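Asker: One structure, pasted below without further comment.
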Amino acid sequence: MASTIPASGFELLERTAELEALAGALAAVDETGRGKLALVRGEAGIGKTALVNSFVESVRGARVLRAACQPLHRPSPLGPFLEIADGVGGELARVASGGPQAYALTAELVRELAAGPAVVLIEDIHWADEATLDVLRLFTRRLATVPALVIATYRDDGLTRSHPLRALLGEFGARALRVPVVALSPEAVAHLASESGVDPGVLYQRTNGNPFFVTEALAAGGSGVPETVRDAVLARAARLGADARQLLDAVAVVPPYVERGLLDQLVPNADDALDECTTAGMLRVDAGRVGFRHELARLAIEDSLQPGARRTLHRAVLALLLEMSGDVDPARLAHHAEESADTESILRFAPEAAARAAAVGSHREAADQYALALRYGSEVEPAQRAGWLVLRALSCYVTDQSEETLESLRLAASIYHELGDDVSEGHARERLSAYLWCPGYVEESRAAGLHAIALLEPHGPSPQLGAAYDQMAFLADQGSRPDEARLWRERLLETSIATRDVELEILSRAEGPEVAFAVALENGLIGLAGSIQQEVAGAPLWQRRYEAADHSLRAALAFHSDHGLELYRQYVLSWLATCAFEQGRWDEAVDWADEVIRTPRASISPRILALTTVGLVRARRGDPDPWSPLDEAYELAMRSGEPRRIAPPSAARAEAAWLEGRDSEIAELTDVAYALAEARGDGGIIGMLGVWRRRAGLPVQLIEGVGEQHALEIQGDFAAAAALWAETGCPYEAALALAATDDAGSQRDALDELHRLGAEGTVAAVMARLRRTGVRGLPRGPRRTTLQNPSNLTTREVEVLRLLTEGLRNSEIAERLVLSERTVHHHVSAILRKLEAGSRTEAVARASTLGIF
Amino acid sequence: MPRYVVERTFPEGLEIPADAQGARACLGIVERNADDGVTWIRSYVTGDRSKTFCVYDAPSPEAIRRTAGWNDLPVDRITEVRVLDPYFHF
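For the protein sequence lines, the chains are A and B, in the order given.
So the mapping is simple: our numbering equals the position in the first sequence, first residue as 1, plus 25.
So the mapping is simple: our numbering equals the position in the second sequence, first residue as 1, plus 329.
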C-alpha cells in the first residue's frame, strides 16, 4: 500500500497543491493498479527538483527509481534508464548493458515494475537523448497495465517548436497529469528574506520569485540584490577560500557530476575544500559523486572560467578518464575532447559515441556526434569521411532532418566517385533514392536509383545491388508501373539467391510475407519486419475488404507502437482513418486523422490521406472550411508528381466542388491526376476520378483495373452501383449512387441514409439537384431523424459499448482503440447517460434489450 | 483559433436548473471541452428553449463535434464566424 506522509525537514514554500496532486496520483495508481504519467514543468530554478525530492521523501510503501538526464550537447544514449537499470540490477541491468533497442528495454521495464506500486522519476527530460524519449514514449503507452507513477520534469522556458520533446508532449495529451511549478509569491519571498536585511520588494522584483535566484541572492550576502542569477552565483562563490574555489572550478567542467575517485586525482587533497563547498551549499555529495546543487550554478561557474584554464581542466579530465579502467562512455570522452580542442581525440571518440548512440536508436545524438567528427573531416582519409557522411545521413533521416540527409549522401557519393569506389557510391546513391522519395522528390529518386544500378551491376551480385533493385521495384509500384516493378523484383530474387544475403531474402519475399516476417524477427531486423507488417496490413483496405482491414490495421498499429516504428505508425494511422471513413464511421476517421495531422513529419503520404479525410468529412457534413485541408493535401501531393498520391485529394476536391454545385470546375480539379493515370494505365485511379468527371458530363473511357462499383456508376447503372456499394460496406457511396437513380422512393431512402450518416452538406446538395430536375415532395430541410440507433449513440460509442460487453476496463478499451483513457472515459459517461444506465453492467444489459447490436 | 457559432435543437426544450446542479452541469461541459482545446464563450437561447446558438473558440469543427459527443449535445450546424463590432469605427 503506497502512501505519502507530509514532507518535513526543509522549508518548501507554496507547493502544497502540487504535492497533493502527486500524492493523489500515486494513491490512484496503487488503488487501480494502473499507471499514470505526471509532467512537472517550470522554468530553470523554479524548484522542480525540490518539489519532486520532497514528494519522493514522503513516499511510503512504493519503490522509487530515479535518474536525471545530462546537460550535455550530446548526452549519453539511454543515460537515465541505464542508471535506473544499474540501480535495480538483475535482468533489467543485463538487458540494459547489451545496448538495447528502446522497445526491448521498455518491455523489461514493464516486467520489472509489474509487481507493485512504484514511482519512476526522470528529471530534466528537456535534455534527454532520443532513445530515452523513445523509451518514455513506449513505456507511457503501456502504463495502463503497469502500477507505476512516472514523473518527468522539464523546463518549459526555451522549448522551441522543433524541440524533440514537443512531439512527445503532444502525444501524451490529456492522459498526463500536468503539474506546473510557478514562481513564489511576494509574501513567500519576503518570508525567506526576513532575516537577511535585504529589501524584500527589490528581491522579489529582481528574482520574479524564482526560488533558486532568491536563495542564491540571499546566500551571496550583503544587503544588495545581484542583477542576475549568474551574478548571484559568482558573488556566492567569491566568498569561498582559494582551495574551495579551485575545487568548484574542477567540478564545473564535469557535468552533471564527477566521481569522487576522479575528483581526488583532479584536485588532490581536497577534502577540506569539499567540506567548505558543501557547507556553503554550493556542492552536493551523493553516492560517491560530487555535483552542483543546481545546473544554473554549474553553468555560471563554468562560463566564468578563463578559456585557457577551462581547456587545461578539460584536458586533465580527458587524460584521467582515459586512464580509468573499465568502460568509459565515449560520449563523455568526446565531450571533453571537444572542450580540449583535441582533434585527435575527437576523431577517435565522436564516431565511437555516434555508433553506440545509433545502435540503441539515439539517432539525433548519433547525427550530432558524426557532425562533430566531420567538422575535422579534412584530417582523415576521404573514404573514412564518406563513411561517416553515409552513417550521419541514416541517423538524420530517422530523425526527420531531410535536407541534412540528402546533402550528406550527395557529398559521400561524390567522394566515393572521386575515389573510384563504385560499390560504395552505388550504396550511397541507392540510399539517396530511398530518402528522396519520402519528402516527394520522385523524379530525382528514380534517377538516383538508376544511377546506383548502373554503378553496381558491373561488379556482379551484391547486397547493395539487391537493395537498389528493391528500391526501383518500390518506385515502380508507387508510380503505377506494375510491369516494371515485376522486372525489378525478378532481378532482386536472382541477386538474393546469388548472394544468400538475409536482408535480400526478406526483401524478395520469395517464401511469402509470413516467412519473410518471421525471418526478419529472428534476425532482429525490426524495421524490415515492420515494413512487411505494413504491406500485409494495407492489402485488405485497397481491396475494400473492410472487416479484414479493420483487424489487420489495428494489429499493425500495435506492432509499430510497441517497436517504436514511428514513420510506419503514421502510415497505419492514416489508413485507419481512410478505412473508417469509407465505412461511414466519420467520428472515428477524424480521430485517427487528427493524430497524423498533429505530428509534424517530413513524410507526406500519411499527411495527404489524413488531410483528405478531414476535408471530405467537413464537406459532407456541411462543416466550415473543407478546402484548407483539401488544398494542403493537394499541394503536398503535386510536389511528388505521383498519381497515387495525387488521386485521393483530386477526387476529394472534385466531390467538394460537386457538393457546392460547381460542376464546371471538376475537369480542372482532376485533369492532372487523370492524365497521369491514363498514361500509366492505372484503372483504380481512373475509376476514383471517373465517377466525378462523369457527373460533370465529361466522357470517361473505362480500362482494365477500374473498380466494379466505379465502373457501374460511370456506365450510369446507379441502382446496381448502389447495391454493390452497400454490399461492400460503403454506406455513403451507396446512398449517393441511390440518389442518382430515377426512382423517387430510392431517392428518399438515399436522403434518409445520408441523414443517418450526418452528411447534412450532401443532403442539401442532393436536394438542390433533385429540385432543379423537377422532383417534388422532398422533405424541407434536414429532418430530426438523425438517430443512428435506438439510443442516439454515435458509431464510436457503439464501438466502445461493444468492448464494454466484453468486460474490458477503460484502460483496456483505450489500448484496443488506441484512444486516450480520458476520451474513453468521456465515451463511457455519454453511453451511460444516453442509455440511462447507472452502471456499466446495466448499460450492457440495456444495449441488448434495445437491440443495439 | 477560429471562432464558431454552433446551432443546436432541443425538441423537448433545454433544461438547465438555476442552482448548484445546473452550475455543476455547465462546469462539467467546460472541463470536458478543455481536453480538446475547445472554449465555450456563451450561448443564446430562444424563448421556447428549443434552440441555442452557441459561440465557441475551437481548433477545428471536428473538435466541436467531438466535445459535443462527450457532452451529449446535438449539433445542427457549425458556422465559422468573425467579430464585427458596430462601434469599432466610432
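Built from N, CA and C at the ideal position, the CB exists for glycine as well.
Here the structure is a predicted model, which is why all the values come from computation and not from measurement.
Ignoring anything shorter than 3 residues, give me the beta strand (DSSP E) runs that lie fully in the segment 88–116 of chain A, in order along the chain.
Answerer: Whole beta strand (DSSP E) segments, 3+ residues: 88–93.
Asker: Which of the residues in the segment 837–865 of chain A, read from start to end, lie with their CB under 7 Å from any CB of chain B?
Answerer: Within the segment 837–865 of chain A, the residues whose Cβ lies closer than 7 Å to some Cβ of chain B are Arg847, His851, Ala855, Arg858 and Lys859, listed in chain order.
Asker: Excluding five sequence neighbours on each side, which residues of the same chain lie with their C-beta closer than 6 Å to the C-beta of Thr830 of chain A?
Answerer: Excluding residues within five positions, the ones whose Cβ falls inside 6 Å are Val869.
Asker: What residue range is occupied by the uninterrupted beta strand (DSSP E) comprising Asp311 of chain A?
Answerer: Leu308 to Asp311 is the span of the beta strand (DSSP E), which, as asked, contains Asp311 of chain A.
Asker: State the start and end residues of the unbroken alpha helix (DSSP H) segment that holds Leu582 of chain A.
Answerer: Run containing Leu582 of chain A: Tyr571 to His588, per the alpha helix (DSSP H) assignment.
Asker: Once you ignore the five residues that flank Leu812 of chain A on each side, which residues in its own chain have a CB closer than 8 Å to its CB?
Answerer: Model confidence at Leu812 of chain A stands at a pLDDT of 44, short of 50, so the residue's coordinates are unreliable; what they give is reported in the following sentence. Around Leu812 of chain A: Arg781.
Asker: Within a Cβ cutoff of 7 Å, which residues of the same chain sit near Pro488 of chain A, ignoring the five residues on either side of it in sequence?
Answerer: Thr524, Asp526, Glu528 and Leu529, listed in sequence order.
Asker: Should Pro312 of chain B be flagged as near chain A, meaning a C-beta pair shorter than 9 Å?
Answerer: Because chain B spans 330 through 419 in this model, residue 312 of chain B falls outside it and cannot be assessed.
Asker: For Asp446 of chain A versus Ala408 of chain A, is the C-beta distance shorter than 9 Å?
Answerer: Yes, the Cβ-Cβ distance between Asp446 of chain A and Ala408 of chain A is below 9 Å.
Asker: Taking its Cβ as the centre, do 16 or more other Cβ atoms sit within 10 Å of Pro340 of chain B, making it buried, or is it exposed?
Answerer: So Pro340 of chain B ends up on the exposed side.
Asker: Could you check the C-alpha separation between Thr396 of chain B and Val384 of chain B for me, to the nearest Å?
Answerer: Distance between the alpha carbons of Thr396 of chain B and Val384 of chain B is about 14 Å.
Asker: Tell me, please, whether the CB atom of Glu133 of chain A is closer than 9 Å to any CB atom in chain B?
Answerer: Answer no: the Cβ-Cβ gap between Glu133 of chain A and chain B never drops below 9 Å.
Asker: Check whether chain A comes within 9 Å of Ser398 of chain B, counting only Cβ atoms and requiring the distance to be less than that.
Answerer: Here the sequence assigns Gly to residue 398 of chain B, which means Ser is not the residue at that position. Closer than 9 Å to some Cβ of chain A, the Cβ of Gly398 of chain B qualifies, so yes.
Asker: Pick out whichever of B:Pro415, B:Val334, B:Tyr416 and B:Met330 has its Cα sitting closest to the Cα of Arg371 of chain B.
Answerer: Closest option to Arg371 of chain B, Cα to Cα, is B:Val334.
Asker: Under the rule that 16 or more other beta-carbon atoms within 10 Å means buried, what is Tyr416 of chain B, buried or exposed?
Answerer: Classification of Tyr416 of chain B: exposed, given that the 10 Å Cβ count is below 16.
Asker: Do you know offhand how far Pro260 of chain A's Cα is from Gln95 of chain A's?
Answerer: Correcting the residue type first, residue 260 of chain A is Ala in the shown sequence and not Pro. In a straight line, the C-alpha of Ala260 of chain A is about 26 Å away from that of Gln95 of chain A.
Asker: With a floor of 4 residues, list each alpha helix (DSSP H) that falls wholly inside the segment 437–467 of chain A, ordered by position along the chain.
Answerer: Segments of the alpha helix (DSSP H) lying fully in the segment 437–467 of chain A: 447–462.
Asker: Going by C-alpha distance, which of A:Ile856, A:Ser83 and A:Leu291 is nearest Gln271 of chain A?
Answerer: It is A:Leu291.
Asker: Do Leu461 of chain A and Val467 of chain A count as a contact pair if the criterion is CB distance below 9 Å?
Answerer: Cβ distance < 9 Å, so Val467 of chain A and Leu461 of chain A count as in contact.
Asker: Quick check on this structure: which residue in A:Arg841, A:Ala862, A:Glu539 and A:Asp656 has the alpha carbon closest to the alpha carbon of Ala583 of chain A?
Answerer: Closest by alpha carbon: A:Arg841.
Asker: Might you give, ordered along the chain, the residues of its own chain that have their beta carbon closer than 7 Å to the beta carbon of Trp369 of chain B, omitting 5 neighbours on each side?
Answerer: Excluding positions up to five away in sequence, the list reads Ile358, Val359, Asn362, Cys383 and Tyr385.
Asker: Confirm, please, whether the CB-CB distance from Arg40 of chain A to Val214 of chain A is below 9 Å.
Answerer: Against a cut-off of 9 Å, the Cβ pair of Arg40 of chain A and Val214 of chain A comes out as no contact.
Asker: Excluding the 5 residues preceding and the 5 following Arg454 of chain A in the sequence, name in chain order all residues of the same chain whose CB lies nearer than 6 Å to its CB.
Answerer: Cβ within range, chain order: Ala438, Ala473, His476 and Ala477.
Asker: What residue from A:Glu536, A:Asp297, A:Leu228 and A:Ala378 has the CA that sits closest to Gly104 of chain A's CA?
Answerer: It is A:Ala378.
Asker: Would Asp181 of chain A pass as an interface residue toward chain B - the criterion being a Cβ-Cβ separation below 9 Å?
Answerer: No, Asp181 of chain A does not count as interfacial toward chain B.
Asker: Check the C-beta distance from Asp224 of chain A over to Gly67 of chain A and give it rounded, since I have them as a contact under 8 Å.
Answerer: Rounded, the Cβ-Cβ distance is 26 Å, inconsistent with contact.
Asker: Tell me, please, whether the CB atom of Pro316 of chain B is closer than 9 Å to any CB atom in chain A?
Answerer: With chain B covering 330 to 419 only, the question about residue 316 of chain B has no answer from this structure.
Asker: Once DSSP output is grouped into helix, strand and coil, what is the label at Arg834 of chain A?
Answerer: Coil at Arg834 of chain A, not helix or strand.
Asker: For Arg809 of chain A, count neighbouring C-beta atoms within 10 Å of its own C-beta (all shown protein chains included) and say buried if the count is 16 or more, exposed if not.
Answerer: With a pLDDT of 42 at Arg809 of chain A, under the threshold of 50, the modelled position of that residue is not reliable, and the figure given next carries that caveat. It counts as exposed.
Asker: Using a Cβ-Cβ cut-off of 9 Å, state whether Tyr333 of chain B counts as contacting chain A.
Answerer: Tyr333 of chain B counts as touching chain A.
Asker: By Cβ distance, which residues of its chain are closer than 6 Å to Glu432 of chain A, with the 5 residues on each side in sequence left out?
Answerer: Closer than 6 Å at the Cβ level, and outside the excluded window around Glu432 of chain A, lies no residue.
Asker: So that I know if they touch, is there some Cβ in chain B lying closer than 9 Å to that of Glu822 of chain A?
Answerer: By this cut-off, Glu822 of chain A is an interface position.
Asker: Quick one: is Glu56 of chain A buried, meaning 16 or more other Cβ sit within 10 Å of its Cβ, or exposed?
Answerer: Result: exposed.
Asker: Which ranges does the alpha helix (DSSP H) cover as unbroken runs of at least 4 residues, wholly within the segment 390–427 of chain A, from first to last along the chain?
Answerer: Counting only runs of 4 or more, we get 407–423.
Asker: Consult DSSP for Glu220 of chain A and reduce its assignment to one of helix, strand or coil.
Answerer: In the structure shown, Glu220 of chain A sits in coil (DSSP, three-state: anything other than H, G, I, E or B).
Asker: Of the residues A:Pro251, A:Ala218, A:Thr240 and A:Glu572, which one's Cα is nearest the Cα of Arg231 of chain A?
Answerer: Nearest option by C-alpha distance: A:Pro251.
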